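Numbering (our numbering), first residue to last: 34 to 287.
Worksheet for the structure shown next.
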Ligand code: PGA
C-alpha cells in the first residue's frame, strides 16, 4: 500500500501580505501539475494565515501553521491556540521544529501536549525531530532522534493525525543535505519506532525529510525508501522551485 507523498512548505518568519501572491502561485502550479497522490501544504506566518486561506478558496493546497499552544484559550500572552487556527480554516500545524526547540526551549513533552490539543481541535500534526551536528559527531544521532519521536508523540495518539518530519538541525538552511544513505538509515529507524508504537499502522505514518531540500536534489531524496515527502524551507519561497519539488514527488508516486 502506498501512502503517497506529502510536500509542505515552511515559510518560517517570511511573508508579509504581499506573499499571499506566492500562495496563489503555488495553488496555480498545483492545479496545473495535478499531483493526485501528493498532498501539498504551505505554512505561512500567523499574521497572513487568514489572508492565504481566503485567497486560496477551494484549492487542494492545505494551509498549515508553524506552531500552536497546548491550551484552547486563556492567560497565555502572545500565543495562538489550535481552535483559533481551525476557526480560520487552517488544517495542519508544524510542531517541535528545531528552531522552536532552540528559540523557545520547547521540549518533546511540551510538543506532545501541543499535539493532543491540536488533534482535539481537528488539526493534523507534523512533528519535527532531528539531531544537531554535535550529536551526530558524537554518534548519538539515532538515539536522539528516536528519543524525540517517542517522547513527542502522545500516548494513544491517532496515527492518521500524524506526519513525522526528520530534519537534521545541521542541514536546515545550510545547503548541506544528509547523504542518501544516512537519510535511508534514519528513516528506517523512525519507521521501526512508529511500528513499535502503532503496530502495522506505523507503516502508514508519513515520514518527511527536511533540510536544504531544493529543486535539484528533491527527486533523489524523495526516491529514498521510507521518505514520504519533504518539509521545505527556503525553496518553498520560490513558486517555481517548489513546483519542481511537487513534480518530482508526482513522478515517483504517479
Ligand atoms: P530549509 O528548511 O529547507 O531552508 O533547510 C527546512 C525546515 O527547516 O523546515
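For every residue, glycine included, the Cβ atom is placed at its ideal position computed from N, Cα and C.
Values in this document were obtained by computation on a predicted structure and should not be read as measured data.
query: Cβ distance (whole Å) where residue 286 is taken to contact residue 94 below 8 Å; result: About 17 Å; that fails the 8 Å criterion.
query: Residue 38, buried or exposed, once every other Cβ within 10 Å from all chains shown has been counted against 16; result: buried
query: The alpha helix (DSSP H) enclosing residue 241, as first and last residue numbers; result: Residue 241 -> not in any alpha helix (DSSP H); beta strand (DSSP E) instead, spanning 240 to 243.
query: Cβ-based neighbour list, residue 114, same chain, cut-off 8 Å, excluding 5 preceding and 5 following; result: 101, 102, 104, 105, 106, 150, 154
query: Residue 185 beta carbon near the ligand PGA (any heavy atom closer than 7 Å); result: no
query: Residue 252, DSSP secondary structure in three states; result: helix
query: Coil, strand or helix - residue 107 by DSSP; result: coil
query: Residues near residue 142 by beta carbon distance below 7 Å, same chain, minus five either side; result: 184
query: Alpha-carbon spacing of residue 243 relative to residue 211, whole angstroms; result: 10 Å
query: Ordered list of alpha helix (DSSP H) runs contained in the region 53 to 115, each at least 4 residues; result: 53 to 66, 79 to 89
query: Contact belief for residue 121 with residue 97 at Cβ below 8 Å, rounded distance in angstroms; result: The pair is not a contact, with the Cβ atoms about 12 Å apart (cut-off 8 Å).
query: Proximity test, residue 273 beta-carbon vs the ligand PGA heavy atom, cut-off 7 Å; result: no
query: Three-way DSSP call (helix, strand, coil) for residue 125 in this model; result: strand
query: Counted within 10 angstroms of its Cβ, other Cβ atoms place residue 273 as buried (16 or more) or exposed; result: exposed
query: Outcome for residue 43 when other beta-carbon atoms lying within 10 angstroms are tallied against a minimum of 16; result: buried
query: Uninterrupted beta strand (DSSP E) stretches inside the region 177 to 243 (no shorter than 3 residues); result: 195 to 199, 240 to 243
query: Contact check, residue 207 vs residue 245, beta carbons under 8 Å; result: yes
query: Closest Cα partner of residue 279 within the set 259, 254, 258; result: 254
query: Close Cβ partners of residue 119 (< 8 Å) along its chain, the five nearest in sequence each way excluded; result: 154, 155, 156
query: Environment of residue 293 [buried if 16+ CB atoms lie within 10 Å]; result: Outside the modelled stretch of the chain, which goes from 34 to 287, sits residue 293, for which no answer is possible.
query: CA nearest to the CA of residue 51, picked from 175, 80, 241, 68; result: 80
query: Residue 46, buried or exposed, once every other Cβ within 10 Å from all chains shown has been counted against 16; result: exposed
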